[in-house]
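Asks:
There are 2 protein chains.
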Amino acid sequence: MQTELIFGLSAGILTSASTIPQVIKTIKEKDVEHVSPLMFIILLCGNGLWVYYGLLKSDLPITITNSFSVLMDLTMLFLKFRYKK
Amino acid sequence: MQTELIFGLSAGILTSASTIPQVIKTIKEKDVEHVSPLMFIILLCGNGLWVYYGLLKSDLPITITNSFSVLMDLTMLFLKFRYKK
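As they're listed, the protein sequences go chains Y and H.
Under the working numbering, read the first sequence as residues 83 to 167, first letter to last.
Under the working numbering, read the second sequence as residues 83 to 167, first letter to last.
Spelled out as structure tokens, the structure:
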């Protein structure tokens, strides 16, 4: 069980970490032209379902990772509507 | 068990689907300036670990979804080096 948890959490940290640069770049540059709301709404639904799936299976890595992803998706959607020209 | 599988696969389809537009756009426009190899290498490692995690837990939705993501990451890395100016 312990090894699984370590692999799951490491996977989650890597895949979550890869979304952070885009959020930081968008906040700094306030450039949301390239941000597709439809993509982030699809991602939000997908990541939300993954959180629910993780809860159903009481799987910590899936639940934590995808809760973080939901937060990133919501941030990107907020930024899109905040800085839309 | 069945409901979990349906939620997991639906979550996987949504999160995978959201990566397809970027790959298609990159193939069509051959514009890889915005593509960060470091990000896709991190994503590749993360998604690879998720596949291994899914195999460890014999979790079909995680294994299938992240195998597809690994394929997308490899495609983006190939395109980056193929069309790099």
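Glycine included, each C-beta is placed from N, C-alpha and C at the ideal position.
Note that the structure is a prediction, hence the values are computed from the model and not measured.
According to DSSP, simplified to helix, strand and coil, what is Thr-32/Y?
Replies: No answer is possible for residue 32/Y: it lies beyond the span of chain Y, which begins at 83 and ends at 167.
Asks: Span of the alpha helix (DSSP H) holding Asp-155/H?
Replies: For this step, residue 155/H is matched to residue 73 along the second sequence. Start and end: 142-165.
Asks: Candidates Phe-163/Y, Ala-99/Y, Phe-160/Y, Thr-145/Y: which alpha carbon is nearest Leu-126/H's?
Replies: Locating residue 126/H in the second sequence gives position 44, counting from the first residue. Residue Ala-99/Y is the option with its Cα nearest to Leu-126/H.
Asks: I need the straight-line Cα distance from Asp-113/Y to Asp-155/Y, nearest angstrom please.
Replies: If you number the first sequence from 1, residue 113/Y lands on position 31. If you number the first sequence from 1, residue 155/Y lands on position 73. Computed Cα separation, rounded: 16 Å.
Asks: Here's a check: name, in chain order, each residue in its chain whose Cβ is nearer than 8 Å to the Cβ of Val-117/H, leaving out the five neighbours to either side.
Replies: Position 35 of the second sequence, counted from the first residue, corresponds to residue 117/H. Result list for Val-117/H: Thr-108, Met-158, Leu-161, Lys-162, in chain order.
Asks: Any C-beta of chain Y sitting closer than 8 Å to the C-beta of Lys-111/H?
Replies: Locating residue 111/H in the second sequence gives position 29, counting from the first residue. Here residue 111/H is Glu; the residue named in the question, Lys, does not match the sequence. Not closer than 8 Å to any Cβ of chain Y, the Cβ of Glu-111/H fails to qualify, so no.
Asks: Taking the alpha helix (DSSP H) that Val-114/H belongs to, which residues open and close that run?
Replies: Within the second sequence, the letter at position 32 stands for residue 114/H. Element bounds for Val-114/H: n/a, residue is neither H nor E.
Asks: Measuring straight from C-alpha to C-alpha, what distance separates Val-133/H and Leu-153/H?
Replies: Sequence index remark: in the second sequence, residue 133/H carries index 51 (1-based). Sequence index remark: in the second sequence, residue 153/H carries index 71 (1-based). Whole-angstrom Cα-Cα distance: 12 Å.
Asks: Do you know offhand how far Thr-145/Y's Cα is from Arg-164/Y's?
Replies: Position 63 of the first sequence, counting from 1, holds the residue named residue 145/Y. Position 82 of the first sequence, counting from 1, holds the residue named residue 164/Y. If I take the Cα positions, the gap works out to 28 Å.
Asks: Just checking: is the beta-carbon of Ser-100/Y within a distance shorter than 8 Å of some beta-carbon in chain H?
Replies: Numbered from 1 along the first sequence, position 18 holds the residue referred to as residue 100/Y. Closer than 8 Å: yes.
Asks: Name the residue from Ile-124/H, Gly-94/H, Lys-110/H, Leu-96/H whose alpha carbon lies nearest to the alpha carbon of Phe-92/Y.
Replies: By 1-based counting over the first sequence, the position of residue 92/Y is 10. In the sequence as presented, Phe is not what sits at residue 92/Y; that position holds Ser. If we check each option's Cα against that of Ser-92/Y, Ile-124/H comes out closest.
Asks: If we count the other Cβ atoms within 10 Å of its Cβ and call it buried at 16 or more, is Ser-151/Y buried or exposed?
Replies: Residue numbering aside, residue 151/Y sits at position 69 when the first sequence is read from its first letter. With 16 or more Cβ atoms within 10 Å of its Cβ, Ser-151/Y is classed as buried.
Asks: Using the rule of at least 16 other Cβ atoms within 10 Å of the residue's Cβ for burial, across every protein chain shown, is Pro-103/H buried or exposed?
Replies: Here residue 103/H refers to the residue found at position 21 of the second sequence. Pro-103/H is exposed by the Cβ-count criterion.
Asks: Once DSSP output is grouped into helix, strand and coil, what is the label at Lys-107/Y?
Replies: Taking the first residue of the first sequence as position 1, residue 107/Y is located at position 25. Helix, per DSSP.
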